[in-house]
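*Asks:*
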Amino acid sequence: MVVRIEPSILSADFASFASEIARIPSADLVHCDVMDGHFVPNLTFGLPMVQRLAQVSALPLDVHLMIDDPDRWAPGYAEAGAHTVTFHAEAAASPIATARAIRAAGARAGIAVKPSTDVAPYLATIGEFDQVLVMTVEPGFGGQSFMADLMAKVREVRAAIGGRDVWLQVDGGIGADTIATAAAAGADTFVAGSAVFGRDDPDAAVQRLRALASA
Ligand code: DX5
Ligand code: ZN
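Just add 59 to the spot in the sequence shown (first one is 1) and you have our numbering.
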């Protein structure tokens with residue numbers, strides 16, 4: 060199985076994103092957490108930042124929208140040049156229409172579920188999505204503890220994906236002590252913030268995580 064490691068710049072130096080991304084050449088994509096202070100209590104950055112990062116990053120961008128009304132805003136992130144745009148099921152009025160709009164704008168479309176959200180209703184139309192993100196913490200902040208009881212949901216998504224080219228992403232508390240558990244449950248795309256940018260050598264951390272997930 061292909062393993063993708065996506066460092067989250069939520070744990071990087073906010074004054075130096077371009078040089079922070081240059082420190083992780085072994086990563087597959089850069090995970091960008093857009094938070095609006097409404098869907099989640101925290102506030103990070105928005106479209107102008109993602110537009111600029113798409114211009115300067117050597118790695119493709121995986122945008123995780125933790126915002127209200129993604130139906131309105133998500134396609135703009137695809138137009139900005141994001142590789143993947145993932146929005147939350149809890150916030151979307153029309154998930155399928157929004158996923159189609161993301162794809163029409165040239166990006167892969169992802170749908171995310173919080174720990175307490177049932178993923179089953181979205182698995183019935185899984186062909187509309189290119190990525191399913193199973194949150195393994197409550198969205199909003201980095202550095203929280205991995206919720207291992209979400210592995211049943213990861214297995215449920217893995218079974219629904221079958222042979223489709225749909226990435227199964229986990230986000231929250233992923234590190235050297237948890238990534239193998241998530242991989243064993245069927246995840247193939249791993250977001251890690253503090254476990255990468257909290258290290259002296261973030262690229263070595265990426266390589267170690269990849270080895271642990273692949274073992
Ligand atoms: C949390 C964000 C995560 C965050 C993960 O809401 O979606 O992407 O950066 O941080 P860690 O890996 O430190 O749990
Ligand atoms: Zn995230």
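By construction, the Cβ of each residue, glycine as well, lies at the ideal position given by its N, Cα and C atoms. Quick caveat: nothing in here was measured; it's all calculated off a predicted structure.
Buried or exposed, going by whether 16 or more other CB atoms sit within 10 Å of the CB of R131?
*Replies:* Classification for R131: exposed.
*Asks:* Taking only runs of the alpha helix (DSSP H) that begin and end inside the segment 72–107, which ones reach a length of at least 4 residues, in chain order?
*Replies:* Counting only runs of 4 or more, we get 76–80.
*Asks:* How would you call A133, buried or exposed, if buried means at least 16 neighbouring beta carbons within 10 angstroms?
*Replies:* Classification for A133: buried.
*Asks:* Tell me the residue span of the beta strand (DSSP E) that contains V250.
*Replies:* V250 -> beta strand (DSSP E) spans T248 to A251.
*Asks:* Could you have a look at L120 and say whether DSSP puts it in helix, strand or coil?
*Replies:* Three-state DSSP puts L120 in a strand.
*Asks:* Quick one: measure Cβ to Cβ for A235 and L271, integer angstroms, because I've assumed they're closer than 8 Å.
*Replies:* About 6 Å; that satisfies the 8 Å criterion.
*Asks:* Whose CA, out of E215, L192 and D128, lies closest to the CA of A150?
*Replies:* Considering only alpha carbons, the answer is D128.
*Asks:* Using three-state DSSP, classify T145 as helix, strand or coil.
*Replies:* Reduced to three states, the DSSP call for T145 is strand.
*Asks:* Taking the beta strand (DSSP E) that G169 belongs to, which residues open and close that run?
*Replies:* Its beta strand (DSSP E) spans residues R167 to V172.
*Asks:* According to DSSP, what are the bridge partners of M125?
*Replies:* According to DSSP, which records beta bridges pairwise, M125 is partnered with M94.
*Asks:* For the ligand ZN, list every residue whose C-beta falls under 5 Å from any of its heavy atoms, going in chain order.
*Replies:* Qualifying residues come out as D92, H123 and D230.
*Asks:* Please return the same chain residues whose Cβ sits closer than 6 Å to the Cβ of M210, not counting the five positions on each side in sequence.
*Replies:* Once the five neighbours on either side are set aside, the close Cβ partners of M210 are A244.
*Asks:* Check whether the Cβ atoms of I68 and A251 lie closer than 8 Å to each other.
*Replies:* It is not a contact, given that the beta carbons lie outside the stated cut-off.
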